[in-house]
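Numbering (this note's numbering), first residue to last: 11 to 103.
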């Protein structure tokens, strides 16, 4: 797999990869990531076509998915590893 390009975005790191007959687009936001894989066919040949595919509507849906992923991540952490209660008094040394 090799990197064939990037897509500029103010909040996301977007990387385009190519391996054999597949093209992958990876979106990263903090500790979360999403990857979409496409077969190289029907005019979808490289980074130029992926840049056309990743339009404002597509990016909006990716950002919505990140919001859902963040909520799910936080809920799982809170459920299984609840925050420890704060001490009522300061430690005296």
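C-beta: ideal position from N, C-alpha, C; glycine also.
So residue 27 packs on residue 36, CB below 8 angstroms; how close in whole Å? Here residue 27 refers to the residue found at position 17 when the chain shown is read from its first residue. Here residue 36 refers to the residue found at position 26 when the chain shown is read from its first residue. Right, their Cβ atoms sit about 7 angstroms apart.
Reducing DSSP to helix, strand and coil, say where residue 56 ends up. Translated into the one-based positions of the chain shown, residue 56 becomes position 46. Residue 56: coil per DSSP, three-state reduction.
Label residue 82 either buried or exposed according to how many other C-beta atoms from any shown protein chain fall within 10 Å of its C-beta, with 16 as the threshold for buried. Locating residue 82 in the chain shown gives position 72, where the first residue counts as 1. Residue 82 comes out exposed.
With residue 44 and residue 31 assumed to form a contact (beta carbons below 8 angstroms), what rounded beta-carbon distance in angstroms separates them? For the purposes of this step, residue 44 is identified with residue 34 of the chain shown, where counting begins at 1. For the purposes of this step, residue 31 is identified with residue 21 of the chain shown, where counting begins at 1. No, residue 44 and residue 31 are not in contact; Cβ-Cβ is about 21 angstroms, not under 8 angstroms.
For residue 99, which three-state DSSP category applies? As a position in the chain shown, residue 99 is number 89, starting the count at 1. Here residue 99 sits in coil by DSSP.
Within this structure, are the beta carbons of residue 64 and residue 14 separated by less than 8 angstroms? The residue given as residue 64 occupies position 54 in the chain shown. The residue given as residue 14 occupies position 4 in the chain shown. Going by C-beta atoms, residue 64 is not nearer than 8 angstroms to residue 14.
For residue 34, list the residues DSSP reports as bridge partners. Residue numbering aside, residue 34 sits at position 24 when the chain shown is read from its first letter. Looking at the DSSP assignment, residue 34 forms a beta bridge with 27 and 47.
Within the continuous alpha helix (DSSP H) that includes residue 15, where are the two ends? As a working note, residue 15 is residue 5 in the chain shown. Premise fails: residue 15 lies in the beta strand (DSSP E), 12-17, not in any alpha helix (DSSP H).
Collapsed DSSP secondary structure at residue 22 in the structure displayed: Position 12 of the chain shown, counting from 1, holds the residue named residue 22. It is coil, neither helix nor strand.
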